[in-house]
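The structure appears below as structure tokens.
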Amino acid sequence: MQNQDGAVADREKESAVSIPISEVDDWANFADDDIMQQQSAIHAEEAKKIPFVGDKYLLCCNLTVLASYLLYAVTLFQGNSLSVVSLSNTNYPMPMKNGWTVFIIFAILITCGIEKFCYMELQEPLSMLAAEYESGSPILLEKIKVLDQQYAAIRRTRGDGNCFFRSFMFSYLEHILESQDRAEVDRIKGNVEECRKTLQSLGHTDFTFEDFFSLFLEQLECVLQGNEDSIRFSPFFSQDELILRSRDQSISDYVVMFFRFVTSGEIRKRSEFFEPFILGLTNATVEQFCKSSVEPMGEESDHVHITALSDALGVPIRVVYLDRSSCDIGGVSVNHHDFLPTSANKSNAKGGSTVPVKPFITLLYRPGHYDILYPK
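Using full-length UniProt numbering, the first residue of the sequence shown is number 1, and each one after it goes up by one.
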């Protein structure tokens, strides 16, 4: 059996350097519609080849929480009284009898099960990513080496179906925090106002989305240092504060819902453009697709979602693909595609400023999941 596995690995290594020139994909020259068609075609196949460990993390987290509640049940069955302890911004009942022993056990369970798999992790070197595939495909390990030459770090997000939107949220706000680009904030506010008008024209009443819009705009103002809203909400805003907010469910989920409403509105507004690609993914109509695959929390994002969000907000996004495809002669290459906003959105900017052309948001895509990459 080991000999068979070794033979498969050897064939993969050979294929990594023997692809004819005609089969080398030049993704940089593809339009968004081309890339949506290609990636949708390989999505199902690649998902079978490369299991995403984040799904295992989420399963572990759920099992840990289940074990914790079993602990409650045993405690209640024994007739012990309960108090309340706050962990991870959540209140949990705790037994009074043998309280310290149970508290330590419970704290370990919560720390390992929830904090480890929070919405947004700290930066880590790409060598940590390579460790996930040590016993996997040699091609993927070679591609991670290529990534390590171009990118300084990776920031993981929870694999709960909202990873694209959470990655976009954190990366964009982090860019504003570091650049303090008031012109960019003013520009995107103009696009947000257009998105609001789009939803209103599509029949949405303000109360269905207003809270989500307001919270996103509040986050924008908070990351700008020295302005009135920053002083009022968080006078000493730092990256640590941004991480804490991104891990706060009440903030993170609301901003994700803001992005989902914006994405849905853009798809429905330009239904003729998106319809062919939606039909390639499902038999649903544009309206049904938005209601079932865009607006609900936990629904995964594809190239349709990325294109729509990038166009609506006027923010270019680079997506780097970690898969087995597209090898150059003489070595392994890593594909990427830049989602550039349509020119129609440039007129929405406040003060006449134009949308950025070069992406400052870089995401790593593995089938079913997105993380954040940091260029060197």
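Ideal placement from N, C-alpha and C gives every residue a C-beta, glycine not left out.
None of these values were measured; they are calculated from a predicted model.
Exercise. Is the beta carbon of Glu299 sitting closer than 8 Å to the one on Ser264?
Worked result: Contact flag unset, no.
Exercise. Nearest to Lys189 by alpha carbon, out of Leu215, Thr342, Ser238?
Worked result: Among Leu215, Thr342, Ser238, the Cα nearest to that of Lys189 is on Leu215.
Exercise. So, do the segment 129–136 and the segment 266–275 have three or more beta carbon pairs nearer to each other than 8 Å?
Worked result: No, the segment 129–136 does not touch the segment 266–275.
Exercise. Would the segment 280–292 and the segment 308–327 be scored as touching if the rule is three or more Cβ pairs under 8 Å?
Worked result: Per the Cβ contact rule, the segment 280–292 is not in contact with the segment 308–327 (fewer than 3 Cβ pairs under 8 Å).
Problem set entry | Where Val223 falls: helix, strand or coil (DSSP) | Of the three classes helix, strand and coil, the one that applies to Val223 here is helix, per DSSP.
For this session: State the start and end residues of the unbroken beta strand (DSSP E) segment that holds Gln123.
Result: Where Gln123 is concerned, the enclosing beta strand (DSSP E) stretches over 120–124.
Exercise. With DSSP run on the structure shown, which of helix, strand or coil describes Pro367?
Worked result: Here DSSP, grouped into helix, strand and coil, assigns Pro367 to coil.
For this session: Following the continuous beta strand (DSSP E) through Tyr321, name the residue where it begins and the one where it ends.
Result: Where Tyr321 is concerned, the enclosing beta strand (DSSP E) stretches over 317–321.
Problem set entry | Neighbourhood of Ala44 by C-beta distance below 7 Å, restricted to the same chain and skipping five residues each side | With a pLDDT of 44 at Ala44, under the threshold of 50, the predicted position of this residue should be treated as unreliable, though the coordinate-derived value follows. None.
For this session: Let me know the secondary structure DSSP gives Thr263 once reduced to three states.
Result: Correct three-state label for Thr263: helix.
For this session: Determine which residues share a DSSP beta bridge with Leu373 and list them.
Result: Leu373 is bridged to Ile154.
Exercise. When we look at the beta-carbon of Leu173 and count the other beta-carbons within 10 Å, is it buried (16 or more) or exposed?
Worked result: Buried.
Exercise. For Asn91, is the classification buried or exposed, using 16 other Cβ atoms within 10 angstroms of its Cβ as the cut-off for buried?
Worked result: Annotation note: pLDDT 46 at Asn91 (below 50); position unreliable, coordinate value reported separately. Exposed is the call here.
Problem set entry | Reference Pro276, options Phe259, Val304, Gln249, Val262, closest by Cα | Considering only alpha carbons, the answer is Val304.
Exercise. Apart from the five residues on each side of it in sequence, which residues of its chain come closer than 6 Å, Cβ to Cβ, to Ser167?
Worked result: Excluding residues within five positions, the ones whose Cβ falls inside 6 Å are Thr157, Leu363, Tyr370, Ile372.
Exercise. If you draw a straight line from the C-alpha of Pro359 to the C-alpha of Pro316, how long is it?
Worked result: One C-alpha to the other measures close to 5 Å.
Exercise. Since Ile361 sits in a beta bridge, which residues does DSSP pair it with?
Worked result: Paired residue(s): Ile317.
For this session: Report back the beta-carbon spacing between Ala152 and Lys376 to the nearest angstrom; my notes put them in contact at under 8 Å.
Result: Approximately 5 Å separates the beta-carbon atoms of Ala152 and Lys376; this is inside 8 Å, confirming the contact.
Problem set entry | Backbone CA spacing between Phe165 and Glu241 [nearest angstrom] | About 19 Å.
For this session: Go ahead and pull the three-state DSSP assignment for Asp148.
Result: Reduced to three states, the DSSP call for Asp148 is helix.
Problem set entry | Residue environment, Arg260, which counts as buried when at least 16 other CB atoms sit within 10 Å | Answer is buried; the Cβ neighbour count reaches 16.
Exercise. Rounded to whole angstroms, how far is the Cβ of Ile361 from the Cβ of Ala308, which I believe are closer than 8 Å?
Worked result: Ile361 to Ala308, Cβ: 15 Å. No contact.
Problem set entry | DSSP state of Asp181 mapped onto helix, strand, coil | When DSSP states are grouped into helix, strand and coil, Asp181 belongs to the coil group.
For this session: Tell me whether Ala344 sits in a helix, a strand or coil according to DSSP, three-state version.
Result: Low confidence applies here, because Ala344 scores a pLDDT of 44, under 50, leaving its location unreliable; read the following figure in that light. DSSP, read as helix, strand or coil, puts Ala344 in helix.
Problem set entry | Range of the contiguous alpha helix (DSSP H) that encloses Asp240 | Note, Asp240: alpha helix (DSSP H), 239–247.
Exercise. Between Val334 and Val320, which are expected to be in contact by the criterion C-beta below 8 Å, what is the C-beta distance as a whole number of angstroms?
Worked result: Correct: roughly 6 Å between the Cβ atoms.
For this session: Would you kindly report the start and end of the unbroken alpha helix (DSSP H) that includes Phe339?
Result: Note, Phe339: premise wrong, no alpha helix (DSSP H); beta strand (DSSP E) at 335–339.
Exercise. Is the Cβ-Cβ distance between Phe289 and Ser310 less than 8 Å?
Worked result: Cβ distance not < 8 Å, so Phe289 and Ser310 don't count as in contact.
For this session: Could you check what DSSP says for Gly351 in three-state terms: helix, strand or coil?
Result: Low per-residue confidence applies at Gly351: pLDDT is 48, beneath 50, and the placement is therefore not dependable, though the value from the model is reported in the following sentence. The answer is helix: DSSP assigns Gly351 an H, G or I state.
Exercise. Mind checking Pro367: buried by the 16 CB within 10 Å criterion, or exposed?
Worked result: Under this definition Pro367 is a buried residue.
For this session: With DSSP as the reference, label Pro356 as helix, strand or coil.
Result: Coil.
Exercise. If Leu220 and Ile251 are in contact, beta carbons under 8 Å, what's the gap, nearest whole angstrom?
Worked result: In fact, because the Cβ distance is near 13 Å, the residues do not count as touching under 8 Å.
Exercise. Which residue comes first and which comes last in the alpha helix (DSSP H) that contains Gly280?
Worked result: First-last of the alpha helix (DSSP H) with Gly280: 271–281.
Exercise. CB Val192 to CB Phe213, shorter than 8 Å?
Worked result: The answer is yes: Cβ separation under 8 Å.
For this session: Give the range of the alpha helix (DSSP H) segment to which Val286 is assigned.
Result: Its alpha helix (DSSP H) spans residues 286–289.
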